[in-house]
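Take the sequence shown: its letters are residues -13 to 154, numbered as in our numbering.
We put the CB at the ideal spot given by N, CA and C, even for glycine.
First comes the structure, then the notes that go with it.
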Amino acid sequence: MSFAVGLVAVVVFALLAPALQLMARARSWSLGPVTLLAIAAVVSHGLGVTLGIFVIPQFQYWDAASVFGFCVMAYVFAFGAVYKSVSLDILLSLVERPGRRAPLSEIAERQVPDLFRGRIGNLVDGGLVEPVNSNFVATAAGRTMAGQVGRLRRAFGIGDTSLYDFSD
């Protein structure tokens, strides 16, 4: 039964997470999508644990938590794979076009700059970079985060992904 409680909490999370995302967009909340996922996870986990404590006499927390944790992490990984993906934005744009195609020059000259402007806007809004004349400069917070990300990349063995290396 404790596993079932974990599944109930997963269902609550799967309903609450997109509902919070929709409400945030409709009401122009300043909370980011990842923060909303965290809120949905904490609330749904808390409700699941509360349900388990009051309904199941021999509630096994770790049984419920393992099911909940696994399913929520799968959701978060899937969310992260499609959230602000440059590659998927290009693909979706191609699929929506007549003939489902576009020349590389049009993608590079029109769509990619808009995507990168959106990303630099996120960095500015997050206080990680600031515009100075016609350049962008990393703030102290940005330099700190870059150092932390660099250490994490080395710790995970990621190295340089060359994601945006257009030297060829």
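**Three-state class that DSSP yields for ASN121 in the structure shown** = strand
**Asked** Under the rule that 16 or more other beta-carbon atoms within 10 Å means buried, what is GLY40, buried or exposed?
**Response** Sequence check: residue 40 is Phe here, not Gly. Label assigned to PHE40: exposed.
**Message:** Ignoring anything shorter than 4 residues, give me the alpha helix (DSSP H) runs that lie fully in the stretch 77 to 116, in order along the chain.
**Reply:** 98 to 111
**Request:** Compare the C-alpha of VAL53 against each of PHE(-11), SER120 and GLY66 and name the closest.
**Result:** PHE(-11)
**Prompt:** What do you get for LEU6, buried or exposed, if any count of 16 or more other CB atoms within 10 angstroms of its CB means buried?
**Reply:** buried
**Request:** Round the Cβ separation of ASP49 and GLY(-8) to the nearest angstrom and send it over; I've been treating them as touching at under 8 Å.
**Result:** 7 Å
**Request:** Less than 8 Å between the CB atoms is what I'm expecting for ALA26 and PHE(-1), so what's the real figure, rounded?
**Result:** 5 Å
**Asked** Any idea if VAL118 is buried or exposed, counting beta-carbon neighbours within 10 angstroms, 16 or more meaning buried?
**Response** exposed
**Request:** Can you say whether LEU1 is buried or exposed, counting buried as having 16 or more other CB atoms within 10 angstroms of its CB?
**Result:** exposed
**Request:** Quick one: residues in its chain with C-beta nearer than 7 Å to the C-beta of LEU37, no 5 flanking neighbours on either side, listed in chain order?
**Result:** VAL(-9) and VAL(-6)
**Residue from VAL68, ASP75 and GLY55 whose Cα sits closest to the Cα of PHE102** = ASP75
**Request:** Identify, in the order they occur along the chain, each residue of the same chain with its Cβ nearer than 8 Å to the Cβ of ILE106, setting aside the five sequence neighbours on each side.
**Result:** VAL115 and PHE122
**Request:** Taking all protein chains shown into account, decide if ALA3 is buried (16 or more other Cβ within 10 angstroms of its Cβ) or exposed.
**Result:** buried
**Prompt:** What residues in its chain sit with their C-beta under 8 Å from that of MET9, if we drop five residues either side in the sequence?
**Reply:** TRP15
**Request:** Count the other CB atoms, across all protein chains shown, that sit within 10 Å of the CB of GLY34; report buried if there are 16 or more and exposed otherwise.
**Result:** buried
**Prompt:** Helix, strand or coil: which one does DSSP assign to SER(-12)?
**Reply:** helix
**Prompt:** PHE56 by DSSP, collapsed to three states: which one?
**Reply:** helix
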